[in-house]
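All remarks here apply to the structure that follows.
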Amino acid sequence: MTSPYIGRFAPTPSGLLHFGSLVAALASYLDARHANGRWLIRIEDLDQTRSQPDAEAQILRALEDFGLEHDGQIVRQSERLELYRAQTEKWLSAGLAYYCDCPRKTLLQHGPGYPGTCAARQLPAAADHAVRVRVSDAPITCIDRLQPALTQNLANELGDFIIRRRDGVYAYQLAVVLDDIDQGITDVVRGADLLDSTPRQMWLYQLLGHTPPRYLHVPLIMRPDGEKLSKRLGSAALQSARAPETLWRALRALAQPIPEELRGAPVTELLQWGITHWQPERMPVTERILEANLPS
Ligand code: GLU
């Protein structure tokens with residue numbers, strides 16, 4: 004019998020993999036393998052201005068060094084623009100999306116949420132216009148396997164949101180949903196910084212007539228100054244030579260009670276322990292954990 008579980012890790016190649024992203028990757032890997040599922044890798048390289056040369060190769064190398072083997076072919080969003088374009092066109096012709104030429108400055112002055120300025124203007128197609136998808140004012144509730152349920156009213160809180168930017172780059176919100184559907188993803192396990200995006204993604208699922216995946220948003224590891232450990236901030240890249248020690252710490256960061264005796268055990272052994280004993284419900288129900296509060 005083939006397993007119905009398909010998970011994925013979807014890094015943006017804007018820098019090297021750091022401890023925070025390893026923890027998220029590990030959670031999604033363990034969740035998939037514990038369920039005898041498949042685990043795919045998708046490179047989210049839509050925004051070429053943010054992509055760093057070599058980052059993709061280094062991320063893949065790090066995953067390999069940490070023993071996080073993936074299934075199937077690696078998918079790159081930069082090679083799938085036609086999928087995003089075709090769907091955007093469909094929504095535009097159905098009137099579910101529209102062009103918007105509001106200057107950034109005006110939007111910033113207006114504050115959070117799009118006021119719908121271009122919703123009724125029927126601007127003609129233009130390559131340098133953004134495209135926005137219409138939202139509804141019915142509340143959308145994201146049920147997460149760990150975090151408390153999150154309800155958003157997109158119309159009140161956010162307004163019609165961008166699916167293609169003015170510079171022609173398709174938005175993460177659009178691409179992630181089309182790709183997850185196309186790849187048959189059943190379970191999205193990722194950092195809790197994306198919890199907030201989930202109702203928007205669920206809205207797109209609704210428009211597409213698809214059931215959203217199950218969601219598990221794992222706590223983010225924060226630096227002492229409260230900043231997320233991010234590629235942008237140049238947090239220390241992972242060192243392959245220290246993979247066993249780092250993986251042990253990553254398991255503890257996910258609140259998995261990996262025994263002290265396994266400290267320094269080979270990566271394969273640590274992962275095997277993690278897969279067998281995976282209990283995501285042990286993680287604290289919080290969106291953030293201070294790095295300093297992690298077991299050393
Ligand atoms: N590419 C996103 C990131 O690196 C993750 C997208 C997702 O898992 O939905 O933050």
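Numbering (the numbering used here), first residue to last: 4 to 299. Backbone N, C-alpha and C define an ideal beta-carbon position, used for all residues, glycine too.
What are the residues that DSSP puts in a beta bridge with residue i?
i: Q155; result: I143
i: G194; result: V221
i: H21; result: A240
i: A123; result: None; A123 has no bridge partner.
i: Y175; result: Partner(s): none; Y175 has no beta bridge.
i: W42; result: G10
i: V78; result: R45
i: C103; result: A133
i: I165; result: R135
Excluding the 5 residues flanking residue i on each side, which residues of the same chain have their C-beta closer than 8 Å to its C-beta?
i: L95; result: Y101, Y102, A128 and V134
i: L110; result: Y117
i: A130; result: G171
i: L149; result: L219, H220, V221, P283, E284, M286 and V288
i: E290; result: Q150, A195, D196, L198, H220, P222 and L223
i: G237; result: Note that G237 scores 49 on pLDDT, short of 50, meaning its location in the model is unreliable; the coordinates nonetheless yield the value given after this. Answer for G237: G18, listed in chain order.
Can you give the Cα-Cα distance for residue i and residue j, rounded to whole angstroms?
i: L43; j: P16; result: 16 Å
i: R107; j: Q176; result: 19 Å
i: H265; j: L219; result: Per the sequence shown, residue 265 should be read as Leu rather than His. Rounded to the nearest angstrom, the two C-alpha atoms are 27 Å apart.
i: N313; j: A123; result: Since the first residue shown for the chain is 4 and the last is 299, residue 313 is missing from the structure and cannot be characterised.
i: T279; j: H37; result: 6 Å
i: N39; j: Y8; result: 7 Å
i: E67; j: Q112; result: 46 Å
i: Q61; j: S243; result: 11 Å
i: R83; j: D48; result: 10 Å
i: R137; j: R45; result: 27 Å
i: A240; j: A65; result: 9 Å
i: A195; j: H73; result: 22 Å
i: D104; j: G119; result: 11 Å
i: A28; j: L63; result: 12 Å
i: A97; j: I292; result: 44 Å
i: D34; j: C121; result: 43 Å
i: T52; j: H132; result: 18 Å
i: L71; j: Q186; result: 19 Å
i: L99; j: K93; result: 8 Å
i: D163; j: R79; result: 27 Å
i: M4; j: Q275; result: Here the model assigns M4 a pLDDT of 46, short of 50, so the residue's position is not dependable and the matter cannot be decided.
i: E85; j: P14; result: 21 Å
Looking only at its own chain, which residues have a Cβ that is under 6 Å from the Cβ of residue i, when we skip the five neighbours before and after it?
i: S31; result: G10, F12 and V192
i: P142; result: T154 and N156
i: L161; result: G116
i: T144; result: A152 and T154
i: D147; result: Y218 and H220
i: I77; result: I44
May I ask you to check if the CB of residue i is nearer than 6 Å to at least one heavy atom of the ligand GLU?
i: V179; result: yes
i: A16; result: In the sequence under discussion, the amino acid at residue 16 is Pro, which differs from the Ala named in the question. No, since every heavy atom of the ligand GLU falls outside the 6 Å radius drawn around the Cβ of P16.
i: Y45; result: First, the residue type needs correcting, since residue 45 is Arg and not Tyr in the sequence shown. Because no heavy atom of the ligand GLU lies under 6 Å away, the Cβ of R45 does not count as near it: no.
i: A65; result: no
i: A13; result: yes
i: R193; result: yes
Quick one: is residue i near chain C, going by C-beta distance under 7 Å?
i: I9; result: No chain C appears in this structure, which consists of one protein chain only.
In its own chain, which residues sit with a C-beta less than 7 Å from the C-beta of residue i, not counting the 5 before and 5 after it?
i: H213; result: I184
i: Y87; result: Y173, L177, A178 and L181
i: W206; result: V138, I143 and L157
i: R169; result: D131, H132 and A133
Does the segment 190-210 touch the segment 259-277, meaning 3 or more C-beta pairs lie closer than 8 Å? No, because fewer than three Cβ pairs between the segment 259-277 and the segment 190-210 fall closer than 8 Å, the two stretches do not touch.
Would the segment 56-65 count as touching the segment 17-26 if we require 3 or more Cβ pairs under 8 Å? Taking 8 Å as the limit for Cβ pairs, the verdict is that the segment 17-26 does touch the segment 56-65.
Please determine if the segment 255-266 and the segment 282-289 are in contact, where contact requires at least 3 C-beta pairs separated by less than 8 Å. Segments in contact, yes.
Count Cβ pairs between the segment 249-257 and the segment 171-191 that sit closer than 8 Å; are there 3 or more? When Cβ pairs closer than 8 Å are counted between the two stretches, the segment 249-257 is seen not to touch the segment 171-191, the count staying below three.
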